[in-house]
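Heads up, the sequence shown is in UniProt numbering, so the first residue is 1 and it goes up one at a time.
Okay, structure first, notes after.
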Amino acid sequence: MDRLKGPAADAIAGSALKGMLASRGDALLLTHQDVRRAESLLTMAARMGRLGAWSVEVPAMDLTWSDKVCAIHGVAPGYKCSVERAIEFYLPNCRDTIRRAFDQCVLQGTPFDLELQILDATGRHVWVRSIGAAERDDDGRIVRVQGAFQDITASKLAAEHNRELAERLSMTLDSLTEGFFTVDRDWRFTFINPQAEKLIRRDRYQLLGRCLWDEFPDLLDTQVAFQYHKAMATNTPVEFEDYYAPLEAWFHVRASPSPQGLAVCFHDITQSVRSREEALRLNGALEERVRERTAELQAANRELEAFSYSVAHDLRGPLSAISGFAQSLQEREGHKLSAAGVNYLQRIRRAAGNMDEMTTGLLTLAKLSRTAMHMERVDISALACEALGFLQARDPARKVQLRIARNLQAEGDRVLLARVFENLLSNAWKFTAKQERAVIEVGVEAYVEGYDVFFVRDNGAGFDMQYASRLFGVFERLHPVSEFEGTGVGLATVQKIITMHKGRIWATSAPGQGATFHFMLGGQATGFGGLY
């Protein structure tokens, strides 16, 4: 059996392709020159397409393979093979198909073009494309069947890989909880997932291939149409929210352009939009109620402050009279009184003095709201030193270890902040009176909510934290007067001043373990440079 190779093999393969094209009913009216040109092109295509050639002489059934066909079958060039043996190379499920096609070509001249699998001589599964066509003599008898043979395993595997990818992509898109569809450059639907079908309430299979604007004319002259055309024209993704009246629904939409068209992902946000609108409505109503309530509280506070000021001011006259008459009585008539009478007068004077201190504190507290604040950069360390210096001068016998951080700075009203440290340090001085080694410390701690926190700490009597909520109330005391003197107005004054600075104050303590008062001021700036 002769081998087919070189130009002969290419010619047979090209001839087979030419016959195949003719057999598919391409009605071509060619001149003799056109035929030669076509055969030349087909022969070149066979060579470039790495096609093998085969032929079978009829009726002798002598089969001839080109070297390329031998290589595809995994056999050496020149391999001698019968038609039946060639058919046995095909997988069992493919043999009947190739046998019927070959027999019909031999008997009736019916061409074939099949893609089947063979098992080559090395045991490798190979996808092949087998093309066959009959050649007749001048009397019309079939004298030869010849064709082309090509290894298409790579393209088959690639096609299978692409099919699997397409299936996975389709499954992924079908499983999306968001609606997804694609349109081509002519705005015709090319894919619609089940969720999109559900959201737009249309059968997706009836929409495929149809024009978006024909099926949804209500979208014309809307933001949707504008955004879709913008994405397609500028090749830029768009994202927007829009209301679609026919469905009475709000949608959040993302559209991404591609060379093939537009991919659109969308989901129903009607409930969230309604919730958002309701929240805005409620917030507006709440803000209005807050404004009304704030105005009411401000009016009530003004009335309360006016009342406190009036009461405190009006009480000072009678208190001065009581204290003055008691003093005059003791000085002029004291020698006539019994010891008990003198004691009574002294108690009256002390009580009047305490009451005067309380009214003075109440007046001070009431006046704070009317005080105009002068904001400036304040040396907190200096204020603390001044307050402690005054306490030491008043009670020079006290031995107290003082620790004041240097270069503490803040933005605030110097006079009001001085009053804060006068009250806090006076408290610390008072409640450490029974300590052999009293320690009072002023400093700054780590940031809280973006602000530095100042502190005044002592190792004095301390207090139970369960009563901390009463600490800054007017006339509230956590220790009896017999143990520690005071009016109960100082800490209320401190809290008022801190609040005026848009700050916050709180305390931590335990009985017998001292107390620490922490506070921060709105818009403050602090520094720290060691201790005095």
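Glycine residues also receive a C-beta, built at the ideal position from the N, C-alpha and C atoms.
- Minimum Cα-Cα distance from Y90 among the listed residues F454, V183, R129, F519 corresponds to R129.
- In the three-state reduction of the DSSP assignment, G334 falls in the helix class, which pools H, G and I.
- Cβ contact annotation for A231 (same chain, cutoff 8 Å, sequence separation greater than five): P237, V238, A255, S256, P257, L262, in chain order.
- In the displayed model, G140 falls within coil according to three-state DSSP, outside both helix and strand.
- In the three-state scheme derived from DSSP, where H, G and I count as helix and E and B as strand, P77 is classed as coil.
- At the C-beta level, F149 and V69 come within 7 Å of one another.
- In terms of Cα proximity to F325, the closest of R349, V442, K336, A339 is R349.
- Within the segment 417-458, there are no complete alpha helix (DSSP H) runs of at least 4 residues.
- Beyond the five residues adjoining it in sequence on each side, A86 comes within less than 7 Å, by CB distance, of L63 in the same chain, given in chain order.
- Secondary structure within the segment 392-418: the beta strand (DSSP E) runs of 3 or more consecutive residues, fully enclosed, are 400-404, 409-413 (chain order).
- In this structure S381 is buried. Its beta-carbon is surrounded by 16 or more other beta-carbon atoms within 10 angstroms.
- Beyond the five residues adjoining it in sequence on each side, L176 comes within less than 7 Å, by CB distance, of N193, Q195 in the same chain, given in chain order.
- Around the beta carbon of M171, a 10 Å sphere encloses fewer than 16 other beta carbons of the protein chains shown; the residue is thus reported as exposed.
- For the 7 Å CB-CB criterion, G209 and R188 form a contact.
- The segment 426-435 and the segment 402-413 do not touch, with fewer than 3 CB-CB distances between them shorter than 8 Å.
- Taken through DSSP and simplified to helix, strand or coil, I192 comes out as strand.
- Segment contact: the segment 450-457 against the segment 507-522, three or more CB-CB distances shorter than 8 Å; contact assigned.
- Here N423 is buried, its C-beta having at least 16 other C-beta atoms within 10 Å.
- Considering only R281, I200, A438, Q466, the residue with the shortest C-alpha distance to D218 is I200.
- Membership of E241 in the beta strand (DSSP E) is indicated by the continuous run 238-244.
- Going by C-alpha positions, Q271 is about 14 Å away from Y244.
- Around T153, the same chain offers V126, W127 as residues with beta carbons nearer than 6 Å, after the five sequence neighbours per side are excluded.
- Classified as buried, S55 has 16 or more neighbouring CB atoms from the shown chains inside 10 Å of its CB.
- By the C-beta density criterion, A121 is exposed, having fewer than 16 other C-beta atoms within 10 angstroms.
- Comparing alpha-carbon positions, the option among D174, D96, R274, Q513 lying closest to D458 turns out to be Q513.
- Assigned with DSSP and collapsed to three states, H125 falls in strand.
- If you compare the alpha carbons of A60, M61, S66 with that of G52, the shortest gap goes to S66.
- A Cβ-Cβ separation of about 13 Å leaves L114 out of contact with A133 under the 8 Å criterion.
- Shown here for E441: same chain residues with a beta carbon closer than 6 Å to its own, the five before and five after excluded, namely R403, R457 in chain order.
- By the CB criterion at 7 Å, S509 and G462 fall inside the cutoff.
- Taking all protein chains shown into account, Q346 has fewer than 16 neighbouring C-beta atoms within 10 Å of its C-beta and is therefore exposed.
- Looking at the DSSP output, I505 bridges to F519.
- The beta carbon of L280 lies closer than 7 Å to none in the same chain, with the five residues before and after it left out.
- For L116, same chain residues with a beta-carbon under 8 Å away, outside a window of 5 residues either side, are Y90, L91, C94, T97, I98, W127, V128, S130 in chain order.
- By DSSP's assignment, H267 forms a beta bridge with H252.
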